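Below: one structure, written as structure tokens.
In my numbering, the protein residues as written are 441 to 635.
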């Protein structure tokens, strides 16, 4: 009976990520915000704490953040098999869509109608990213320290025009040291409003 429930929940997770990978636009920030809204608030598949930990892990590793977050959610709900089927469901639709659009673009030599459609989609995606960014800020930056780090790293990134690995590493070490020497401060500021 428990095995049937687990298989049903894995199927539901697979179908959710198949739909997300097919119809959700806006890149990793928008996708991560959508996962939080759907899987934490509505469906309660993961807790806010699990989501934040997965988001932190996904941000820590190089590569596509939203895909890594999806893999993490698949893993905590279904182990290696869950992570594998979620990855497949999430990645395959966008792979097929990009392949098809690339083929059309090359075949019709940058068809102006297709270019116009891309410009319209880009404008809509900016709105989705803005909303997702706000949601991410609201649920991640719960202390003055984290706001200072975020603003400082945004400033560094804007000046250098690239993400600086060492700046990210130093930010992580600073917060880790504060956690080691003052865990009460960190728990009250970073993990507040958790389920």
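For glycine and all other residues, C-beta sits at the position ideal for the given N, C-alpha and C. Values in this document were obtained by computation on a predicted structure and should not be read as measured data.
With a 10 Å radius around its C-beta and 16 neighbouring C-beta atoms as the bar for buried, classify residue 502 as buried or exposed. exposed
Which of the three DSSP states is assigned to residue 517 in this structure? Helix, per DSSP.
Give me the Cβ distance between residue 586 and residue 472, rounded to the nearest whole Å; I'm assuming they're in contact under 8 Å. Between residue 472 and residue 586 the Cβ distance is about 17 Å, and since that is not below 8 Å, they are no contact.
Between residue 529 and the ligand NAD, is the CB less than 7 Å from at least one heavy atom? Although the ligand NAD was asked about, the structure shown includes no ligands whatsoever.
I'd like the list of long-range same chain contacts for residue 476, defined as Cβ closer than 6 Å, with 5 residues on each side in sequence excluded. Counting only Cβ-Cβ distances below 6 Å, and skipping sequence neighbours, we find 491.
Between the CA atoms of residue 446 and residue 635 - distance to the nearest angstrom: With a pLDDT of 41 at residue 635, under the threshold of 50, the predicted position of this residue should be treated as unreliable, though the coordinate-derived value follows. Approximately 23 Å, taken between the alpha carbons.
Residue 615, DSSP secondary structure in three states: helix
Which same chain residues end up closer than 7 Å to residue 505 when comparing Cβ atoms and leaving out the 5 residues on each side of it in sequence? 468, 472, 498 and 499
Between residue 417 and residue 463, how many whole angstroms is the CB-CB distance? I'm expecting something under 8 Å. The chain is shown from 441 up to 635; residue 417 falls before or after that span and cannot be answered.
CA-CA distance, residue 631 and residue 521? Residue confidence for residue 631 is low, a pLDDT of 49 falling below 50, so the modelled location carries little weight; the figure read from the coordinates is stated next. Inter-residue distance for residue 631 and residue 521 is about 30 Å (C-alpha atoms, whole angstroms).
Would you kindly work out how many angstroms separate the C-alpha atoms of residue 534 and residue 461, rounded to a whole number? 6 Å
Using the rule of at least 16 other Cβ atoms within 10 Å of the residue's Cβ for burial, across every protein chain shown, is residue 512 buried or exposed? buried
Go ahead and pull the three-state DSSP assignment for residue 459. Three-state DSSP puts residue 459 in a helix.
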